[in-house]
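Peer 1: Chains as they are written, first to last, in numbering that gives the first Met the number 0: chain E, 0 to 463; chain W, 0 to 104.
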Amino acid sequence: MTTSPSDPAARADLAVVGAGPAGLAAAVTAAALGLTVTLLDAGARPGGQYYRHPDPALGATRPQALHHDWAAFAGREAELRAYERSGRVRYLSERQVWSVTGSGTDWTLHSRTDEGAGAPVRARAVLLATGAYERQLPFPGWTLPGVVGAGGAQAMLKSGLVLPGRRVVVAGSGPLLLAVAASLAAAGARVPAVVEAGGYGPYARHTGTLLRNPAKLAEGALYGGALLRHQVRPLLRHAVVEAHGTDRVEAVTVARLDRDWRPVPGTARRIPCDALAVGHGLVPELSLATALGCATRTAADGTVALVLTPGLRTSVPGVWAAGETGGVGGARLALAEGEIAAHTIAGRAVPAALARRRARLRAFADAMGAAHRPGEGWTGWLREETAVCRCEEVPAGRVREAVEELGATDARTVKLLTRAGMGWCQGRMCGPAVAALAGGGPAPDRRPLACPVRLGQLAELPAD
Amino acid sequence: MSRRTPRDLVGGAPQETFTFRFDGRDIPAAAGQTVAAALWGAGVLAWRTTRHGGEPRGAFCGIGQCFDCLVTVDGTPNRRACLVPARPGGLVTSQEGTGHDDLAV
Numbered sequence: 000m001t002t003s004p005s006d007p008a009a010r011a012d013l014a015v016v017g018a019g020p021a022g023l024a025a026a027v028t029a030a031a032l033g034l035t036v037t038l039l040d041a042g043a044r045p046g047g048q049y050y051r052h053p054d055p056a057l058g059a060t061r062p063q064a065l066h067h068d069w070a071a072f073a074g075r076e077a078e079l080r081a082y083e084r085s086g087r088v089r090y091l092s093e094r095q096v097w098s099v100t101g102s103g104t105d106w107t108l109h110s111r112t113d114e115g116a117g118a119p120v121r122a123r124a125v126l127l128a129t130g131a132y133e134r135q136l137p138f139p140g141w142t143l144p145g146v147v148g149a150g151g152a153q154a155m156l157k158s159g160l161v162l163p164g165r166r167v168v169v170a171g172s173g174p175l176l177l178a179v180a181a182s183l184a185a186a187g188a189r190v191p192a193v194v195e196a197g198g199y200g201p202y203a204r205h206t207g208t209l210l211r212n213p214a215k216l217a218e219g220a221l222y223g224g225a226l227l228r229h230q231v232r233p234l235l236r237h238a239v240v241e242a243h244g245t246d247r248v249e250a251v252t253v254a255r256l257d258r259d260w261r262p263v264p265g266t267a268r269r270i271p272c273d274a275l276a277v278g279h280g281l282v283p284e285l286s287l288a289t290a291l292g293c294a295t296r297t298a299a300d301g302t303v304a305l306v307l308t309p310g311l312r313t314s315v316p317g318v319w320a321a322g323e324t325g326g327v328g329g330a331r332l333a334l335a336e337g338e339i340a341a342h343t344i345a346g347r348a349v350p351a352a353l354a355r356r357r358a359r360l361r362a363f364a365d366a367m368g369a370a371h372r373p374g375e376g377w378t379g380w381l382r383e384e385t386a387v388c389r390c391e392e393v394p395a396g397r398v399r400e401a402v403e404e405l406g407a408t409d410a411r412t413v414k415l416l417t418r419a420g421m422g423w424c425q426g427r428m429c430g431p432a433v434a435a436l437a438g439g440g441p442a443p444d445r446r447p448l449a450c451p452v453r454l455g456q457l458a459e460l461p462a463d
Numbered sequence: 000m001s002r003r004t005p006r007d008l009v010g011g012a013p014q015e016t017f018t019f020r021f022d023g024r025d026i027p028a029a030a031g032q033t034v035a036a037a038l039w040g041a042g043v044l045a046w047r048t049t050r051h052g053g054e055p056r057g058a059f060c061g062i063g064q065c066f067d068c069l070v071t072v073d074g075t076p077n078r079r080a081c082l083v084p085a086r087p088g089g090l091v092t093s094q095e096g097t098g099h100d101d102l103a104v
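#1: Do three or more CB pairs link the stretch 387–395 of chain E to the stretch 428–437 of chain E at distances below 8 Å?
#2: Taking the alpha carbon of Gly310(E) as the reference point, which residue from Ile344(E), Gly74(E), Arg61(E), Ala352(E) has its own alpha carbon closest?
#3: For His109(E), list the residues DSSP reports as bridge partners.
#4: Among the candidates Ala348(E), Val349(E), Pro350(E), Gly301(E), whose CA atom is the shortest distance from the CA of Glu375(E)?
#5: Return the chain-ordered list of same chain residues with a C-beta closer than 7 Å to the C-beta of Arg261(E), the five sequence neighbours on each side being excluded.
#6: Going by C-alpha to C-alpha distance, which of Ala225(E), Arg189(E), Gly326(E) sits closest to Ala274(E)?
#7: Can you check whether the CB of Gly159(E) is closer than 9 Å to the CB of Thr97(W)?
#8: Identify every run of the beta strand (DSSP E) within the stretch 154–185 of chain E, keeping only runs that are complete inside it and at least 3 residues long; order them along the chain.
#9: Can you tell me whether Gly88(W) is buried or exposed, with buried defined as 16 or more other CB within 10 angstroms of its CB?
#10: Per the DSSP calculation, Gln169(W) is bridged to which residue(s)?
#11: Using a C-beta cutoff of 9 Å, does Arg24(W) count as contacting chain E?
#12: Below 7 Å between beta carbons is the criterion; list the residues of the stretch 127–146 of chain E that meet it against any residue of chain W, in chain order.
#13: Fully enclosed by the stretch 401–425 of chain E, which alpha helix (DSSP H) runs are 4 residues long or longer?
#14: Buried or exposed: which applies to Thr245(E), given that a residue is buried once 16 or more other Cβ atoms fall within 10 Å of its Cβ?
#15: Excluding five sequence neighbours on each side, which residues of the same chain lie with their C-beta closer than 6 Å to the C-beta of Ala170(E)?
#16: Out of Arg357(E), Gly22(E), Gln95(E), which one is the CA nearest neighbour of Trp319(E)?
#17: Whose CA, out of Leu79(E), Arg268(E), Arg359(E), Gln230(E), lies closest to the CA of Gly207(E)?
#18: In chain order, what residues of the same chain have a beta carbon less than 7 Å from the beta carbon of Pro13(W), not counting five sequence neighbours either side?
#19: Judging by CA-CA distance, which residue of Thr266(E), Gly197(E), Ala304(E) is the nearest neighbour of Asp259(E)?
#20: Got a sec: is the Cβ-Cβ distance from Pro443(E) to anything in chain W below 9 Å?
#21: Where do the N-terminal and C-terminal ends of the beta strand (DSSP E) with Trp319(E) fall, by residue?
#22: In chain order, what residues of the same chain lie with their CB nearer than 8 Å to the CB of Val161(E), ignoring the 5 residues before and after it?
#23: Taking 9 Å as the threshold (beta carbon to beta carbon), is His99(W) in contact with chain E?
#24: Assign Glu249(E) to one of three DSSP states: helix, strand, or coil.
#25: Which residues in chain W have a C-beta closer than 7 Å to the C-beta of Glu392(E)? List them in chain order.
#26: At what residues does the alpha helix (DSSP H) containing Phe72(E) begin and finish?
#27: Determine which residues of the stretch 415–434 of chain E have a Cβ less than 8 Å from any Cβ of chain W, and write them out in chain order.
#28: Could you tell me which of Gly396(E), Tyr222(E), Leu287(E), Ala70(E) sits nearest to Asp444(E), measuring between CA atoms?
#29: Taking any Cβ of chain E, which residues in the stretch 84–97 of chain W have a Cβ under 9 Å from it, in chain order?
#30: Just to confirm, are Val303(E) and Leu285(E) a CB contact at a threshold of 9 Å?
#31: Of all the options Ser314(E), Ala30(E), Ala128(E), which has the alpha carbon lying nearest to the alpha carbon of Gly103(E)?
#32: Mind checking the stretch 183–199 of chain E against chain W and listing, in chain order, the residues whose C-beta falls within less than 7 Å of any C-beta there?
#33: Go ahead and pull the three-state DSSP assignment for Ala351(E).
#34: Is Ala410(E) buried or exposed, if buried means 16 or more other CB atoms sit within 10 Å of its CB?
#35: Going by DSSP, what residue range makes up the alpha helix (DSSP H) through His342(E)?
#36: Could you tell me the distance, in whole angstroms, from the CA atom of Ser85(E) to the CA atom of Met367(E)?
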């Protein structure tokens, strides 16, 4: 396998989509194993959403203050820059891949920049490390300004050094909430409560898995300590069931939930705030993978993830995946999987310690996913007029009408009947909610294009 | 309540600060910030109204996935404010509906 890495038209040994923990680790490991690599990423700087950090022009001298395990990123970024200088890795930032075509050992990646088309990238193997976005469950008032994604608040803080408000309730489910609350508080926001709909009780059923992941326990203790210090009140088995305000959020109503996430009558109380950061875990971003036909499965957290071999091959020969695309599991797991994928793509044996680390972290991710998986009763806090699809402004009542009166049994049929999921975000925000209301369970999203593309760019594609 | 700011937390200072124009007012911004970040920094949480209900919206997902933060920048509608860098002297205007009302579609 020899190519001239300096020639952009040449076929690289490997094209990696995404420069987050998985893609970055894969690119530098593959380069170390002798492969030529093209790394494409939508962001301006490597790191993905987890290691998102301010533009150098913002002059942050301590970006690590907003991060956990920053050294793991900094080391790999230094390696990336070194391989870039030596020509082993071609790193293309601000290049969003919208389609991958080809088969076997001949792939073409079509991408766009802010200005227009990026030159096609050719490679013998493809690694999809496209990460995830936040899972949202609607509730009355969730479209009010000041209600923002928990991950969204974290992203805006990490990259733009800004807060959505001064008094921010953090709510939803999953351990990301702890990190978000700790970051917001450290950056000067008052966080009156972290509202967790799931619980940490179910973790107790996985004592062995917990004990094999001391670093994860330490991370949890770190956030717990930070929240105590900042006087953040944890409310377990509770949810924000309504946000109040006219022009922006002024307060939220919090209620206790039963085991199935149904609000318990008589437990509602109001918490004043000027922002709400909310999210219910993450959804793997599989647009490129499902367009290629990669097989999927339902993960422990109820999301759709890719079916992968221990060597991180997808069901499509020549296409690998790592990190959240194989099931949400966090940055450490993504780093390990990136390295594993690089080994198998290079035709090398996977080091046993690496395989063990992956197995241990995957087991933890499964326990975590099960503990925070949304219960069926959450739909009880929707009102008929509550918007479910934010883009097309489709209320819950219309979705229910499609299901109960028109016979829809899956999200796709609901979309055809109501336009829910047909707008700009292509169902990324309302997809999990619509699937739950349709009762058909989550199905893999099918999006022929992974991001908006200009018609002219499609017209330029070769006819084959 | 803490007086600390995100900028204090990460240390340092921006290389360049400037303003851009948003609906007739000057919004302070720093080089390296997006339009959405500068607006949040100025306490502005909404800069779009929806096509059907006319409801106010601003940044939600913060990473370019949700399209709630669409805004008109220098005359071009439907830019994602969470991805577009703030520019000195830029002209940002709230967007009503599709941003193409002039086309009467």
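Ideal Cβ positions, reconstructed from N, Cα and C, are used throughout, including at glycine.
Peer 2: Taking the structure as given:
#1: Yes: at least three Cβ pairs fall under 8 Å.
#2: Start at 1 with the first residue of the first sequence, and residue 310(E) comes out as number 311. Minimum Cα distance to Gly310(E) is reached at Ile344(E).
#3: Residue mapping note: residue 109(E) aligns to position 110 of the first sequence, counting from 1. For His109(E), which the question treats as bridged, DSSP gives the partners Ser98(E).
#4: The residue labelled residue 375(E) in the question sits at position 376 within the first sequence. The option with the nearest alpha carbon to Glu375(E) is Gly301(E).
#5: Looking up residue 261(E) in the first sequence gives position 262. For Arg261(E), where only same-chain residues beyond five positions count, the Cβ hits under 7 Å are Gly376, Gly379.
#6: The residue given as residue 274(E) occupies position 275 in the first sequence. Ala274(E) has its Cα closest to that of Arg189(E), out of Ala225(E), Arg189(E), Gly326(E).
#7: Reading the second sequence from its first residue, position 98 is the one you call residue 97(W). Reading the first sequence from its first residue, position 160 is the one you call residue 159(E). Contact: no.
#8: If we require 3 residues or more, the beta strand (DSSP E) runs fully inside the stretch 154–185 of chain E come out as 167–172.
#9: What you label residue 88(W) is simply residue 89 of the second sequence in a count that begins at 1. It is exposed - the Cβ of Gly88(W) has fewer than 16 other Cβ atoms within 10 Å.
#10: This structure cannot speak to residue 169(W), because chain W is shown only from 0 to 104.
#11: Numbered from 1 along the second sequence, position 25 holds the residue referred to as residue 24(W). No, Arg24(W) does not count as interfacial toward chain E.
#12: Residues Tyr132, Glu133, Thr142, Pro144, Gly145.
#13: 410–417
#14: Stepping through the first sequence from its first residue, residue 245(E) is reached at position 246. Classification for Thr245(E): exposed.
#15: Your numbering for residue 170(E) matches position 171 in the first sequence. Only Val194, Val239, Val277 meet the Cβ criterion.
#16: Counted from its first residue, the first sequence places residue 319(E) at position 320. Selected option, being the one with the closest Cα: Gly22(E).
#17: Position 208 of the first sequence, counting from 1, holds the residue named residue 207(E). Checking every option, the nearest Cα to that of Gly207(E) belongs to Arg359(E).
#18: Along the second sequence, one-based indexing puts residue 13(W) at 14. These residues qualify, in order along the chain: Ala29, Ala30, Gly31.
#19: The sequence position of residue 259(E) within the first sequence is 260, counting from 1. Residue Gly197(E) is the option with its Cα nearest to Asp259(E).
#20: By 1-based counting over the first sequence, the position of residue 443(E) is 444. So, not an interface residue.
#21: Locating residue 319(E) in the first sequence gives position 320, where the first residue counts as 1. 318–320 is the span of the beta strand (DSSP E), which, as asked, contains Trp319(E).
#22: On the first sequence, residue 161(E) is found 162 positions in, with the first residue counted as 1. Here the set comprises Met155.
#23: Position 100 of the second sequence holds residue 99(W). Taking Cβ atoms only, chain E never reaches closer than 9 Å to His99(W), which makes this a no.
#24: In the first sequence, the residue the question calls residue 249(E) occupies position 250. If DSSP states are grouped into helix, strand and coil, Glu249(E) belongs with the strands.
#25: For the purposes of this step, residue 392(E) is identified with residue 393 of the first sequence, where counting begins at 1. By Cβ distance, chain W contributes Thr49, His51, Gly52.
#26: Taking the first residue of the first sequence as position 1, residue 72(E) is located at position 73. Segment 69–85, the alpha helix (DSSP H) holding Phe72(E).
#27: Gly422, Trp423, Cys424, Arg427, Met428
#28: Along the first sequence, read from residue 1 onward, the residue named residue 444(E) stands at position 445. Here the closest residue by C-alpha is Leu287(E).
#29: Look at the stretch 84–97 of chain W: the residues with a C-beta under 9 Å from a C-beta of chain E are Pro84.
#30: Residue mapping note: residue 303(E) aligns to position 304 of the first sequence, counting from 1. Residue mapping note: residue 285(E) aligns to position 286 of the first sequence, counting from 1. For Val303(E) and Leu285(E), yes; Cβs fall inside 9 Å.
#31: Along the first sequence, one-based indexing puts residue 103(E) at 104. Nearest option by C-alpha distance: Ser314(E).
#32: Ala185, Ala186, Gly187, Arg189
#33: Residue mapping note: residue 351(E) aligns to position 352 of the first sequence, counting from 1. Three-state DSSP puts Ala351(E) in a helix.
#34: To locate residue 410(E), count along the first sequence from 1; it is residue 411. Buried.
#35: Counting from 1 along the first sequence, the entry for residue 342(E) is found at position 343. Its alpha helix (DSSP H) spans residues 330–344.
#36: Residue mapping note: residue 85(E) aligns to position 86 of the first sequence, counting from 1. Residue mapping note: residue 367(E) aligns to position 368 of the first sequence, counting from 1. Going by the C-alpha atoms only, they are around 41 Å apart.
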